[in-house]
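Engineer:
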Amino acid sequence: MTLAENRTGKIQQSPSELLGLIRAEPPLVQCITNFVAMNIAANVLLAAGASPAMVGDAEEAGEFAQIAGALTVNIGTLSPQMMEGARAAIAGAHAAGRPWVLDPVACQATAYRRGASAELAGLRPAIIRGNASEILSLAGEESRGQGVDGRDAVETAEDGARRLAEKTGAVVAVTGAIDYVTDGVREARIGGGSSFMPMNTAMGCSLTGLCGAYAAVADDPFDAAVGALAHFAVAGSRAHPRAEGPGSFAPLFLDALAAIGSADLAREAEVTA
114 MTLAENRTGK IQQSPSELLG LIRAEPPLVQ CITNFVAMNI AANVLLAAGA
164 SPAMVGDAEE AGEFAQIAGA LTVNIGTLSP QMMEGARAAI AGAHAAGRPW
214 VLDPVACQAT AYRRGASAEL AGLRPAIIRG NASEILSLAG EESRGQGVDG
264 RDAVETAEDG ARRLAEKTGA VVAVTGAIDY VTDGVREARI GGGSSFMPMN
314 TAMGCSLTGL CGAYAAVADD PFDAAVGALA HFAVAGSRAH PRAEGPGSFA
364 PLFLDALAAI GSADLAREAE VTA
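Start counting the sequence shown at 114; every next residue gets the next number (my numbering).
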């Protein structure tokens, strides 16, 4: 079933079903991500049950993308070399029929980032994940984001997310207090999480990696985005009561990601679709 054929429906594969697929046969996720996020994103993928590979050099990125289950591209530490590797990897992913996920980090901050994000968004990502400020900017609207920090509320970006999905053909995931996912027609909201999450660096970047893991096993990127965001949010909700602050939250969050099983996710996910 193609994405276009499925857009009249809602969620076909539940988060719990997709988590079961990840745990049964861990997908290989190629991550082109920023220097700050590499270790954290790799640990999140391992805890969730996937296999991370931080392969981004143009000499091998395209070849590697053809054996990975999915590709993620995060522009946090943007450079010409990073873009060269991303282009090669995206071409390889498309050649092999693999989904790829775009994280347009701080795309509102500079003209260089706006241009790079617009170029990548035009290369048919399966999922675009960002905070509200990033999604507003990528949709061509005004945002209040400063640097990598988003200052816009998720609900202010919902219309822009729908238009961006229609323009690019991607599923757009806007993450914040209540996450929002749309393919331009369908929509879902995901609650949960923790107030400590914004106090830990690379949480959003790591979530992009998790979107890649779910995209690797899902038939539909809409289901993949909802599943990844739900898993992340439930882990945050579980870790929060035991944490004394952002420092103790981080390892508890990884433990929760690993401990959550399919039955837990089915019971605890706060998904409205």
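Using N, Cα and C, we set each Cβ at its ideal position, and we do this for glycine too. Everything numeric in this text was worked out from a predicted model, so none of it was measured.
My assumption, with CB atoms under 8 angstroms, is that V186 sits in contact with L323. Please give the rounded CB distance.
Structural biologist: Not quite, the Cβ-Cβ distance comes to about 15 angstroms (not below 8 angstroms), so this is no contact.
Engineer: Between A252 and the rest of its own chain, which residues show a CB-CB distance below 6 angstroms, the 5 nearest in sequence each way excluded?
Structural biologist: Cβ neighbours of A252 beyond the five flanking positions: G273, R276, L277.
Engineer: If I measure Cβ to Cβ from G162 and keep anything under 7 angstroms in the same chain, skipping five residues before and after, which residues do I get?
Structural biologist: Closer than 7 angstroms at Cβ, skipping near neighbours: I135, R136, P139.
Engineer: Going by DSSP in three states, L236 sits in which element: helix, strand or coil?
Structural biologist: Here L236 sits in coil by DSSP.
Engineer: Determine, using beta-carbon pairs with one atom in the segment 303-314 and one in the segment 334-354, whether at least three such pairs fall under 8 angstroms.
Structural biologist: Taking 8 angstroms as the limit for Cβ pairs, the verdict is that the segment 334-354 does touch the segment 303-314.
Engineer: Expressed to the nearest angstrom, what Euclidean distance is found between the alpha-carbon atoms of Q125 and V285?
Structural biologist: Answer to the nearest angstrom: the Cα atoms are 17 angstroms apart.
Engineer: May I have the straight-line CA-CA distance separating R211 from G182, to the nearest angstrom?
Structural biologist: Each residue's Cα considered, the two are about 6 angstroms apart.
Engineer: Just to confirm, are V347 and A382 a CB contact at a threshold of 7 angstroms?
Structural biologist: Cβ distance < 7 angstroms, so V347 and A382 count as in contact.
Engineer: Output needed for A369: all residues of its chain with C-beta closer than 6 angstroms, excluding positions within five of it in sequence on either side, in chain order.
Structural biologist: Closer than 6 angstroms at the Cβ level, and outside the excluded window around A369, lie A348, R351, A352.
Engineer: With DSSP run on the structure shown, which of helix, strand or coil describes G189?
Structural biologist: It is coil, neither helix nor strand.
Engineer: I need the DSSP call for E254, collapsed to helix, strand or coil.
Structural biologist: Looking at E254 - three-state DSSP - the assignment turns out to be coil, as it is neither helix nor strand.
Engineer: Could you name the residues of the same chain whose beta carbon sits closer than 7 angstroms to that of D150, not counting the 5 residues immediately before and after it, in chain order?
Structural biologist: Here residue 150 is Ala; the residue named in the question, Asp, does not match the sequence. Result list for A150: N187, G189, A315, C318, S319, in chain order.
Engineer: Would G205 pass as a contact of G175 if the rule is Cβ separation under 7 angstroms?
Structural biologist: Contact flag set, yes.
Engineer: At the level of alpha carbons, what is the spacing between S361 and M312?
Structural biologist: Cα to Cα, S361 sits roughly 11 angstroms from M312.
Engineer: Rounding to the nearest angstrom, what Cα-Cα distance links A343 and A171 in this structure?
Structural biologist: Going by the C-alpha atoms only, they are around 33 angstroms apart.
Engineer: If contacts are defined as beta-carbon pairs under 8 angstroms, then A337 and I203 qualify, I think. What distance do you get, rounded to the angstrom?
Structural biologist: In fact, because the Cβ distance is near 17 angstroms, the residues do not count as touching under 8 angstroms.
Engineer: Mind checking S129: buried by the 16 CB within 10 Å criterion, or exposed?
Structural biologist: Buried is the call here.
Engineer: Starting from E383 and walking both ways along the beta strand (DSSP E), at which residues does that stretch end?
Structural biologist: Start and end: 383-385.
Engineer: Going by DSSP, what residue range makes up the beta strand (DSSP E) through G304?
Structural biologist: First-last of the beta strand (DSSP E) with G304: 300-304.
Engineer: Whose CA, out of L365, G297, M310, lies closest to the CA of P334?
Structural biologist: The shortest C-alpha separation from P334 is found at G297.
Engineer: Roughly how many whole angstroms lie between the Cα atoms of R380 and Y225?
Structural biologist: Taking the straight line from one Cα to the other gives about 44 angstroms.
Engineer: Using the rule of at least 16 other Cβ atoms within 10 Å of the residue's Cβ for burial, across every protein chain shown, is P193 buried or exposed?
Structural biologist: By the neighbour-count rule (16 or more Cβ atoms within 10 Å), P193 is not buried but exposed.
Engineer: Give me the residue from T321, M196, V142, G358 with the minimum Cα distance to M310.
Structural biologist: Of T321, M196, V142, G358, the residue nearest in Cα terms is G358.
Engineer: Within 10 Å of its beta-carbon, does T115 have 16 or more other beta-carbons around it, so buried, or fewer, so exposed?
Structural biologist: Its pLDDT being 31, under 50, T115 is placed unreliably by the model, and the measurement read from it follows with that caveat. That one is exposed.
Engineer: Can you give me the C-alpha to C-alpha distance between L378 and Y327, rounded to a whole angstrom?
Structural biologist: In a straight line, the C-alpha of L378 is about 14 angstroms away from that of Y327.
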